[in-house]
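Chains as they are written, first to last, in numbering that gives the first Met the number 0: chain A, 0 to 360; chain B, 0 to 419; chain C, 0 to 288. Below you'll find the structure, written out as structure tokens, and then a few comments.
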Amino acid sequence: MKAKTILDVIGQRTTSQTGNQILSKRGRLAVALGIGTLAVAGPIAYSIQPFWVYLLVQMLVFALLALSLDFIFGYAGLLSFGHAAMFGAGGYAAALLIREVTASALVVLPTAMLVGVLTAALIGWLSVRARGIYFAMLTLAFAQMIYVATFTDLPAMILDTAMITGGDNGLIGIQLYELFGIDFRNRLNYYYLTLGIVALSLAGLVRLANSPFGRVLQGIRENEERIEFLGYNVRRYKIIAFSISGGFAGLAGGLYVPFQSVAEPGLLHWTVSGELVVMVLLGGMGTLWGPMLGAGLIVFLEDRLGGVESWEIILGSIFVAVVIFAPRGLAGMIIAVRNDPRAALDNAKRALRNYLQEVRG
Amino acid sequence: MVLRAMGKRSNRSESDRSAIETVSRRQYLASGAAVGAATALGGCVGGSGGGSGLTVGFALPFSGTYAMLGESIVNGFDMYLEQNDGEINGEEVETVERDTEADTNRGVSVTRELLVEEQADAIVGPVSSAVAMAMMDTIKNESSAIWLNANAGDYRVTEQGCLNYHFRTSFNDWQTSAPLAEWVYNNVADNVCLAYADYAFGQNSKNFFSEAFEEAGGEVVGEVGAPLGTDDYSSYLTEIENSGADAVFSFFAGSDAVNYVTAFTDYGLNEEMTQTGSGFLLSEDTLPAQGEAAMGMYSLLHYTPTREAERNQQFVSAYTDAYDSSANVYACQGYDSAQAFAAAVEEAGGSDPDEMANALSGMELESPRGKFRFDPETHEPIQDLHVREVVESDGEVPVENKVVNTIEQVESPSWGCSLN
Amino acid sequence: MVETIVRTALLGIQYGMTLALIATGLTLIFGMLDVINFAHGALYMLGAYFGWVVASTLGSFWLALLLAPLFVGVVGVAIEVLSLRPLYDRNPLYHILLTFGFAIMIQGAVVELWGGQTKQIAEPASLAGTLTIGSFDYPMYRLFVLVVSTLLIGVIWLAVERSDLGILMRASAHDSEMVDALGIDVSKVFTGVFVFGAVLAGFAGVLLGVSRSVNPGMGFGIIIEAFVIVVIGGLGSFRGAIYTALLIGLVSSFGALVASTLTEIFLFVLMAGVLMVRPNGLFGATEAT
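Pasting the structure below:
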């Protein structure tokens, strides 16, 4: 009964892009195919140019991070402008654990995830009373507090020890994981570890999104009052969803830090959170897979444009163009082309015409 | 990552864009004009490395507020190459630029890219110490290039890293602070207030200074740390004034230095106390903006473009001719990185990183800054440091640094590093 | 002791008023247009650079103060007409992405045109020197900034809260179709508001470019602080932004005195504290998306 009503709420939505179900059967097939392709592409890339594998790992880590944000933002409608906090918390947890206790991936990665969950639970618990932009700004505030505390090594100051977070230099020389004797110095192995975790995370979050729990979240996004009225504890749902999302962000941090060999305050800075929002919007929010593409694309562009002057102007122009002409992001474009490949050109023409009309007023 | 570099309050500065354009263009020519555009975007057409030719990778900031430092270092390096027809030891030299955005994680990625994809024989950079600290692991793991550290001065690169491949072609934070203490005590005042940008570099500098100052017999009567990137120093100046000190020792750099020095003089503190500091407080990148507010302030640095020495004047005028902008400490560091690389390749007879490192250890170079050599124990430079006073100038910029004292061949502590 | 407190309070008010200049434009644009303008800091920076160009080529600070904001206004028109106008009915989130893009572009363009080197606008000779208050020297120029920004904000206050123009602006924000039906071109009102915000940011850039350094990072440096102010005050609330700017100014200057290394954190602690007690900010009446 309840579930049906929620579907009603969701059904009211007119802007819905992919229907109520996240990923249709065909979509799932496409994602599985994509992961398979990546698995095969790894060794090929490695044999041509080993650096490409580094780049791929980085793209995957940020894809996971964007996925975690889309779950809470695109899917449940809570704009977190402080996701860097969970990313960094997971990363620092991994760094400290590897330095002081063990480098076993079986211990460290789940801990990084747990630390992400706890950080998110705390921030979420303090923030969910506010809505919309106010919620976003609260998450930003807490994330920035953690950033400043890390940058100034406040924990060490309070506990009166020499160093905990390492201040602005951060924690350096973080070694790679140990797992079943696999040599992760061969970056191809690290690539597979990352790919495996990212694939599992995606599968898990899609499943969750399509579960009754996911329906409630979607309902909250569409009409919070109605869901509340139906007797759900909206606040609790939000905190739980935010914590789950934070767990995956923490996991991404746990994957990133040993790979980069450093945990530094930059991981926690608001610009990381801002960039994540950009990745999600560019990829197409609410689709889970779109933001992953968006993240991969931005990491790729940034790396490849790194030797070109004025890349800031190029990147900025891309953002502006996407918002104006492709507001549903990469996912929207892909869906449109898939639905009707021949109409793609006409659509583009129409978008341009509409734009010119609007500008003229 | 993109945005991180921007949002991060930066504290340094920049300059001449036309110069870098020529550099980049030359870079493309060197890597084959035909694939120029593709290299620019893809950067992955065949890479370089292998076979003949030498590759130098610049891991420097080229965007944001640190851009000028990166460009000056590249200009200096390039000028040396040009003077030698683009060749070292009979081999053509290709240079590859990668923007670190002064961001730590970006710095790690860029270093990896230069080492693995571009097969660089030498890494030149970075500008920020945090980036340098994070790069250490990658340089060590790849063990495929020497590292010419052209600006990052944190002493902990030596203390914690102590890498055989690492050579500081610039300075360390001890050198630009501690040696000034005795001079201040003897010539300025027996008590100081410390004012610094509150991050690793600023903290190191003030700690080194205060240690040396107390050792000399002086007294530290106040300490004021301001967050990196502070816009308005008004309230911090109240604290400095209330300390009642006769002199101030400061570490601020770039736009922080401009904001601080301007406010210091605006509030008339320059009439009550003498401002001294690490050289970056009053450097060629900040003086044009600080202008007359900087008059009469003292600072310590290893390079001063106005220093009267033939070698230096040659460098300064050649630089001005080539890039239509005035030489600065960063350009000198870039130039010396090129000199060091050339010397290493020639001495080692090739680009084997271990042989190059052995060749450079203890080597002496003739630099625009004067003679300097790499300490065999730490690979830190042993060099002259100049106490400079800001005086009036009849040039384009109304003020300039004038060397008032030279502390000769300063050796740094070894911080437990023993490479020899 | 008393003197230190008075002095610190004065410095805090001065700092607060400069923040208010920037926050005012931001809150007006949000209040009327429902646009979260991430490029606001970039426009402020652009004002400082234009001011520097004018002042150093024409040799007059006063011309810079007059012309530079107008140039920024022109950039504002371009942004509003070419990109925001077609997007008003979209989810405000897209405005973030859009203006974020502009902020990056403007920063890149500034580095491209003038390099990243720190600049400073020359102080007008007539405002050099200091004024002695008690035993304390107060720089004339900073006093001038304090007076000008206070006057300017006073005028805007009257315009927004009391005049017909203000009523029209608020009406357009509230029910644009109704205003449209009355024969008033709402899109012109929107352009006007956006450009006004841009001009104000540009003006602040020139004004502050004398006592602070001009560099490409200054826009991103100020934007978060400005946002925090607008949010604490209540999004779209004009009064809220001004009171909060003053509050933040005082908190920062006293904070610097008490625990200088932690001043940065105060801002966020304050915001979190306020929003947890009043989820819509101090003066925020309605809920924002």
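The beta-carbon is built from N, C-alpha and C at its ideal position, and this holds for glycine as well.
- Close partners of E357 (chain A) in chain C (Cβ separation under 7 Å): R84, P85.
- As the crow flies, the alpha-carbon of V194 (chain C) is around 32 Å from that of G253 (chain B).
- Within the region 334 to 373 of chain B, the runs of alpha helix (DSSP H) at least 4 residues long that lie entirely inside it are, in chain order, 352 to 359.
- Residues G90, Y91, A94, G169, L170, I173, V256 of the same chain have their beta carbon placed closer than 7 Å to that of A262 (chain A), with the five preceding and five following residues left out of the count.
- Using a Cβ-Cβ cut-off of 7 Å, I171 (chain A) counts as an interface residue toward chain B, since at least one Cβ of chain B sits closer than that to its own.
- DSSP, reduced to helix, strand and coil, places N404 (chain B) within a strand of the structure shown.
- The continuous beta strand (DSSP E) containing G224 (chain B) extends over residues 218 to 225.
- Here N140 (chain B) is exposed, its C-beta having fewer than 16 other C-beta atoms within 10 Å.
- Uninterrupted alpha helix (DSSP H) stretches at least 4 residues long and entirely within the region 138 to 178 of chain C occur at 139 to 161, 163 to 173, given in chain order.
- Restricting attention to alpha helix (DSSP H) runs no shorter than 4 residues, the region 241 to 321 of chain B encloses them at 253 to 265, 286 to 289, ordered along the chain.
- Per DSSP, T110 (chain B) is one residue of the alpha helix (DSSP H) stretching across 103 to 111.
- With fewer than 16 neighbouring CB atoms inside 10 Å of its own CB, A308 (chain B) falls in the exposed class.
- Listed along the chain, the chain C residues whose CB falls inside 8 Å of the CB of N241 (chain B) are T3.
- Residues of chain B whose Cβ lies closer than 9 Å to the Cβ of P49 (chain A) are, in chain order, V115, E116.
- Contacts with chain B at 7 Å (Cβ-Cβ) include Y14 (chain C).
- In the displayed model, H39 (chain C) falls within a helix according to three-state DSSP.
- As the crow flies, the alpha-carbon of T36 (chain A) is around 11 Å from that of P42 (chain A).
- For P380 (chain B), the uninterrupted beta strand (DSSP E) segment begins and ends at 380 to 391.
- In its chain, beyond the 5 residues on either side, M139 have a beta carbon closer than 7 Å to the beta carbon of G128 (chain C).
- Taking the C-beta atoms as reference points, Y14 (chain C) is found no nearer than 7 Å to D245 (chain B).
- Within chain A, no C-beta atom comes less than 8 Å from the C-beta of V250 (chain C); the nearest is roughly 14 Å away.
- Bounds of any beta strand (DSSP E) do not take in D302 (chain A); it lies within the alpha helix (DSSP H) bounded by 288 to 304.
- Annotation for A180 (chain B): the continuous alpha helix (DSSP H) segment containing it runs 177 to 186.
- Fewer than three Cβ pairs drawn from the region 293 to 304 of chain A and the region 67 to 74 of chain C lie within less than 8 Å of each other, which leaves the two stretches out of contact.
- Within the region 117 to 142 of chain B, S128, A129, M132, A133, M135, D136, T137, N140 place their CB atoms closer than 8 Å to a CB of chain A, listed in sequence order.
- Between the alpha carbons of L83 (chain C) and T190 (chain C) lies a distance of about 9 Å.
- Any Cβ of chain B closer than 7 Å to the Cβ of G204 (chain C) would place that residue at the interface, and such an atom is absent.
- What R211 (chain C) touches in chain B, judged by beta-carbon distance under 9 Å, is D230, D231, S254, V257, N258, T261, A262, going in chain order.
- By the C-beta density criterion, I4 (chain C) is exposed, having fewer than 16 other C-beta atoms within 10 angstroms.
- At least one C-beta of chain A is nearer than 7 Å to the C-beta of S62 (chain B).
- Here DSSP, grouped into helix, strand and coil, assigns E221 (chain A) to helix.
- The beta-carbon of Y322 (chain B) is placed no less than 7 Å from the nearest beta-carbon of chain A.
- Of the other Cβ atoms in all chains shown, fewer than 16 fall within 10 Å of the Cβ of R352 (chain A); this residue is therefore exposed.
- Contact check for L206 (chain C) and V147 (chain C): beta-carbon distance about 7 Å, within the 8 Å limit, so the pair qualifies.
- In terms of Cβ geometry, V116 (chain A) and S242 (chain A) form a close pair [threshold 7 Å].
- Put simply, of B:C331, B:A133, B:A293, B:V260 the residue whose alpha carbon is nearest the alpha carbon of Q159 (chain B) is B:A133.
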